[in-house]
Structures are given as structure tokens and as C-alpha cells.
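If you count the sequence shown from 1, position 69 lands on 76 in our numbering, and the numbers rise without skipping. A virtual CB, placed ideally from N, CA and C, is assigned to each residue, including glycine. Keep in mind the model is a prediction, meaning the values are calculated, not measured. Step one of this worksheet: look at the structure below.
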Amino acid sequence: MQLHLALPGLLWPAKALPDVMFDLELPALSWLLGRGRCRLSSPLAFEGWLSQRFGHDEVSAAALRLLGEDGQPGNADWICADPAHLAFEHGHPTLADPAQLDLQADEIAEIAVSLAPTFSAVGHFSLRPSGHGYIELAAPADIVVAPPSTTIGRGAAALLPRGADAARWVRLANEAQIALHALDLNRRREDAGRPTINTLWFWGAGRLPAAVTSPYAKVGGGGTLARGLARHANVPWGPASDALPTKGGTLLVEERLLGPAQQLDAAAWRDAMLAVERERLAPLAAALRGGRVKKLVITGLGDETTLDLELTRGDTLRFWRRPQPLTDVIQP
């Protein structure tokens with residue numbers, strides 16, 4: 008059995024990593040890094056990396072994520088239009104994590120009704136029960152925007168769209184902000200001390216790509232985008248907690264490090280890393296030593312680099328290889 012473990016958010020910037028990991032005991036990770044074969048490559052957004060695992064060079068995230076929410080993208084062009092909160096820190100906008108908004112059903116309905124006229128000229132706007140927004144486009148949108156994994160917690164430069172239609176979508180975003188500002192739900196959220204919904208985040212434009220053969224027989228975790236990719240490839244998907252290795256290979260996405268890394272929250276990241284060490288890495292190391300896993304691949308993703316670590320059961324017998332801390336592998 009083979010298992011591929013993805014750890015988005017594992018790799019902080021190389022200069023910051025030693026301070027973040029100071030006195031953090033991670034024996035399983037160090038053992039795996041010491042016994043396995045490591046390769047560093049260029050950084051890649053989590054959404055792009057995930058799509059490439061299924062053979063897609065272009066990240067048509069809107070159509071694929073919609074499929075993961077049991078929607079029917081068909082042959083239309085789509086774009087994600089997610090309700091979001093722009094915070095202003097020292098006068099600069101920062102995109103908060105939309106997953107923390109906790110939109111309620113009545114709020115979703117209010118936003119959908121209010122914003123539908125804003126986008127009537129470009130397509131049909133709708134919101135799913137998850138709080139994810141979509142526009143079924145009347146015509147393709149020539150707009151490129153960095154995905155959430157590389158924009159949440161980031162400043163203005165990461166938020167600017169590119170492409171021939173960028174100016175039009177900036178204008179539509181401004182119109183949506185005006186409409187959102189007038190909603191009663193934001194006054195209620197503000198009174199309750201909750202983040203307001205003050206913008207929409209457009210990203211992932213495109214249509215459903217042609218289906219390809221997946222290298223995995225099962226996928227665990229990764230959210231609705233991973234579920235959509237698995238469904239498109241006719242591969243079973245389940246929560247990360249259910250992703251035991253299976254014949255033909257399993258992709259397991261462990262996302263607990265991503266949020267703290269995006270927010271540069273070192274304390275939360277350290278807590279999450281200890282949980283991943285205890286609940287993922289140590290059991291996988293034991294399974295590899297015991298022969299229950301024949302091959303293990305671990306991919307760590309960060310803003311500056313991508314780390315791929317590969318081990319087979321034979322590597323566990325290389326007793327002369329000493330444990331290696333992550334800070335030694337990711338040299339500044």
C-alpha cells in the first residue's frame with residue numbers, strides 16, 4: 008500500500024523557520040527526514056499542486072469545487088465569488104480566512120438576493136449552503152487571481168487581479184462592496200463582535216477540464232476542491248480521518264498547518280504541528296517500519312519552496328542515517 012501525505016503550510020520562510028521551530032520536539036518528522044530522500048523545488052500554491060496531482064495544469068477551481076459541493080458545472084464557465092472580510096491593518100487591506108466567517112442560512116439568503124442584480128450582466132450569482140459563492144458566467148472571464156492559500160493573511164499586492172478583464176472585475180467588486188455595506192446582516196454581525204462581510208473574493212475562473220485517470224485509488228481531506236477533483240476522476244473521497252492506506256494508493260491532505268501559517272501565528276502553528284506529529288507522522292512512520300505501508304511520500308508546501316520526501320520500507324533499515332530536523336533540510 009502507498010500513501011501520499013500533503014502538508015500545506017508546513018514550510019515557513021527559511022529565515023523564520025528556526026525561530027518558529029525552536030525547542031519543538033518532532034522525533035517522527037526528524038526520523039522520516041533522515042531516512043528518506045528529500046527534494047526541494049519551486050513553490051506552488053496548494054490549489055495548483057492539488058490540481059496537478061490529478062493531471063490538470065490549469066486550476067479551474069470554481070467548476071471543480073462546485074462539483075465537490077454536488078453542483079453541476081456542465082460546460083459553462085464559472086468563477087468563485089466567495090463572501091469575505093477585508094481587514095485593514097496599518098492602513099493596508101488583508102484578506103481574512105473566509106472559513107472563519109461562519110455564515111448562517113439566513114445570511115446566505117440575504118447576500119444572494121442582494122448581490123444577484125450586481126452580476127446580472129456577466130452571469131448568474133449564487134451561494135451554496137457552505138457559504139461559497141459562484142457566478143455561472145455568460146462568457147469566459149480573462150482574469151487571473153492568486154488562490155486563497157496564497158492570499159489569505161496577505162497584503163494588497165497579493166489581492167490584485169491580472170488579465171484583460173481585471174478592471175471590469177475590480178469595478179464589480181467595488182459595486183458588491185457597496186451593496187454589502189448596506190445589508191442589515193453586517194450591522195447584526197458588528198453588534199455581535201463578528202467579522203462583517205464587506206467584499207467578494209473572485210478566483211478560480213474556468214470550466215470543468217477533461218477527466219483524466221487518477222494515480223490514486225482514494226482521497227482523504229483537502230476540502231471541497233479535493234472532493235471535486237476526486238469525483239471528476241471517479242475516485243472515492245472521504246474526510247482525512249478516514250483516509251487509511253488502500254491498494255492502489257491514497258492521497259491524504261492534512262490541512263491543520265495551513266491556517267496558522269497563512270496568519271503567521273507561530274503559537275497556533277506549533278500546536279498544530281505537535282498534533283500532526285502525534286496523529287499523522289508517528290503512526291505513518293510505525294506503519295512504514297511494520298510493512299503496512301510500502302511507500303510513503305510527504306509533500307510540504309510553503310511560500311518559498313516545496314519539499315518532497317520519499318521513503319520505502321527498505322529506507323527504515325538504513326540505521327546509519329541519523330534523524331534530520333526540518334530546519335537543516337530547508338536551508339536559508
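Problem set entry | Cβ pair ASP149, ASP172 closer than 7 Å | yes
Exercise. Cα separation between ALA88 and PRO34?
Worked result: 42 Å
Exercise. Under a Cβ-count criterion, where at least 16 other Cβ atoms within 10 Å of its own Cβ denotes burial, should THR220 be classed as buried or exposed?
Worked result: exposed
Exercise. Are the Cβ atoms of ARG328 and GLY41 separated by less than 7 Å?
Worked result: yes
For this session: Quick one: measure Cβ to Cβ for LEU265 and ARG60, integer angstroms, because I've assumed they're closer than 8 Å.
Result: Contact flag wrong, Cβ pair sits at about 16 Å.
Exercise. What do you reckon, are the CB atoms on LYS301 and MET28 nearer than 7 Å?
Worked result: Not closer than 7 Å, so no.
Exercise. Where ARG175 and SER37 are concerned, what is the direct C-alpha to C-alpha distance, given to the nearest angstrom?
Worked result: 49 Å
Exercise. With a cut-off of 8 Å, do at least 3 Cβ pairs link the region 198 to 208 to the region 218 to 238?
Worked result: In short, these stretches do not touch, since the Cβ pair count stays below three.
Problem set entry | Same chain only: Cβ atoms within 8 Å of SER137, ignoring 5 sequence neighbours per side | The residues are GLU76, THR231.
Exercise. At a cut of 8 Å, does the region 143 to 158 reach the region 203 to 218 through at least three beta carbon pairs?
Worked result: yes
Exercise. According to the neighbour-count rule (16 or more other Cβ atoms, all chains shown, within 10 Å of its Cβ), is LYS225 buried or exposed?
Worked result: buried
Problem set entry | Cβ neighbour criterion (16 or more within 10 Å) applied to ALA94 | exposed
Exercise. Do GLY43 and LEU288 have their C-beta atoms within less than 7 Å of each other?
Worked result: The answer is no: Cβ separation not under 7 Å.
Exercise. For PRO332, which residues from the same chain have a beta carbon less than 7 Å from its beta carbon, with the 5 sequence-adjacent residues on both sides left out?
Worked result: Excluding sequence neighbours, PRO332 sits near SER37.
Exercise. What's the gap between the Cα of LEU359 and the Cα of PHE209?
Worked result: It is not possible to answer for residue 359, since the shown part of the chain is limited to 8 through 339.
Exercise. Run through DSSP, which three-state label would LEU190 get?
Worked result: coil
Problem set entry | Unbroken stretches of the alpha helix (DSSP H), 4 residues or longer, contained in the region 133 to 211 | 163 to 166, 173 to 188, 191 to 198
For this session: Below 8 Å on the Cβ atoms is my guess for GLY160 versus THR101; work out the distance and round it to an integer in Å.
Result: 6 Å
Exercise. Name the DSSP bridge partner or partners of LEU316?
Worked result: In the DSSP output, where bridge partners are listed per residue, LEU316 has CYS45, ILE305.
For this session: Compare the C-alpha of ILE86 against each of ALA119, ILE118, PRO50, GLY130 and name the closest.
Result: Ranking the options by Cα distance to ILE86, first place goes to GLY130.
Problem set entry | Simplified DSSP state of ALA83, which is helix, strand or coil | Coil at ALA83, not helix or strand.
Exercise. Leaving out the 5 sequence neighbours to the left and right, which residues in its chain are closer than 7 Å to THR158 when beta-carbon positions are compared?
Worked result: LEU102, ALA165, LEU166
Problem set entry | Nearest residue (CA-CA) to SER48, options GLY309, ASP26, GLY321, ALA282 | GLY309
Exercise. ARG328 bridges to which residues according to DSSP?
Worked result: Its beta-bridge partners do not exist; DSSP assigns none.
Exercise. If LEU291 sits next to LEU14, beta carbons under 8 Å apart, how far is it from one beta carbon to the other, in whole angstroms?
Worked result: Not a contact, Cβ separation roughly 11 Å.
For this session: Compute the Euclidean distance between the alpha carbons of LEU187 and ARG196, then round it to the nearest angstrom.
Result: If I take the Cα positions, the gap works out to 12 Å.
Exercise. Roughly how far, in whole angstroms, is the beta-carbon of PRO154 from the beta-carbon of ALA68, given that I think they are within contact range, below 8 Å?
Worked result: 6 Å
For this session: List the endpoints of the continuous alpha helix (DSSP H) containing GLN59.
Result: 53 to 60
Exercise. Can you name the start and end residues of the alpha helix (DSSP H) that VAL27 belongs to?
Worked result: 24 to 27
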